[in-house]
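Reviewing the structure listed below.
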Amino acid sequence: MMKSRPSPTDAVGSWQPCDESVSVTFKEVDGEVRPQRLSWRGAEWCVVGCSRHWFTWHALPVLSVDTRSNPTVRGFRTDFWRFQATADAASPVLRFEVRRADREWRLVRLGAPSPCHGGTCGECRTSDELPTDPRTPRRRWEAPEQCVR
Numbered sequence: 001m002m003k004s005r006p007s008p009t010d011a012v013g014s015w016q017p018c019d020e021s022v023s024v025t026f027k028e029v030d031g032e033v034r035p036q037r038l039s040w041r042g043a044e045w046c047v048v049g050c051s052r053h054w055f056t057w058h059a060l061p062v063l064s065v066d067t068r069s070n071p072t073v074r075g076f077r078t079d080f081w082r083f084q085a086t087a088d089a090a091s092p093v094l095r096f097e098v099r100r101a102d103r104e105w106r107l108v109r110l111g112a113p114s115p116c117h118g119g120t121c122g123e124c125r126t127s128d129e130l131p132t133d134p135r136t137p138r139r140r141w142e143a144p145e146q147c148v149r
């Protein structure tokens with residue numbers, strides 16, 4: 001049986017638990033599918049910087065219609081994504097953690113603005129580019145090309 005991969009770690013108390021339906025749009029970049037946009041509470045949030053993906057996998061017995069046969073095992077995989085996103089140049093960069101539940105995406109945790117932790121994508125913002133106070137706009141913000149409307 002495959003073990004579940006743990007959620008990436010963060011400082012205790014830096015995340016607020018949520019359970020809201022969201023829409024996530026993905027795009028393939030350099031052969032990898034990554035989140036590009038998040039629709040949440042009537043706003044479009046553009047993913048900026050690095051994103052992290054992991055999943056959990058569980059084997060569950062499924063009873064067949066034929067009661068004489070043994071139950072079969074079916075694997076259930078749950079995908080998670082964690083990323084930073086902003087609604088526009090004046091809004092703060094927030095951290096989002098979403099999971100796929102059946103055919104929809106759910107926002108499961110919301111994090112305050114923070115710098116990316118050791119990302120290697122080359123797009124991560126440094127701590128001087130992110131506000132310490134969410135009401136303070138970033139000094140150097142440019143929307144990624146795919147997010148310009």
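For the sequence shown, full-length UniProt numbering assigns the number 1 to the initial residue and increments by one for each residue that follows.
Glycine residues also receive a C-beta, built at the ideal position from the N, C-alpha and C atoms.
Bear in mind that the values here come from a model prediction, so they are computed numbers and not experimental data.
Discussion item. Does the contact criterion of 3 or more C-beta pairs under 8 Å hold for the stretch 59 to 69 versus the stretch 24 to 40?
Written reply: no
Item to complete: Take every Cβ of the stretch 96 to 107, pair it with every Cβ of the stretch 68 to 76, and state whether three or more of those distances are shorter than 8 Å.
Response: Between the stretch 96 to 107 and the stretch 68 to 76 there are fewer than three inter-stretch CB-CB distances shorter than 8 Å, so the stretches are not counted as touching.
Discussion item. Tell me the residue span of the beta strand (DSSP E) that contains SER39.
Written reply: 32 to 40
Worksheet item: CYS124 to SER64, Cα distance in whole Å?
Response: Below a pLDDT of 50, predicted positions are generally treated as unreliable, and CYS124, at 45, falls in that range; no measurement from the model is reported.
Worksheet item: Between ARG109 and THR78, is the Cβ-Cβ spacing less than 8 Å?
Response: no
Worksheet item: Thinking just about the alpha-carbon of each residue, which of THR56, GLU28 and SER21 is nearest to the one in ALA43?
Response: SER21
Item to complete: Kindly indicate the opening and closing residues of the beta strand (DSSP E) around VAL73.
Response: 72 to 86
Worksheet item: When we look at the beta-carbon of THR16 and count the other beta-carbons within 10 Å, is it buried (16 or more) or exposed?
Response: Checking the sequence, you will find Gln at residue 16 rather than Thr. GLN16 should be labelled exposed.
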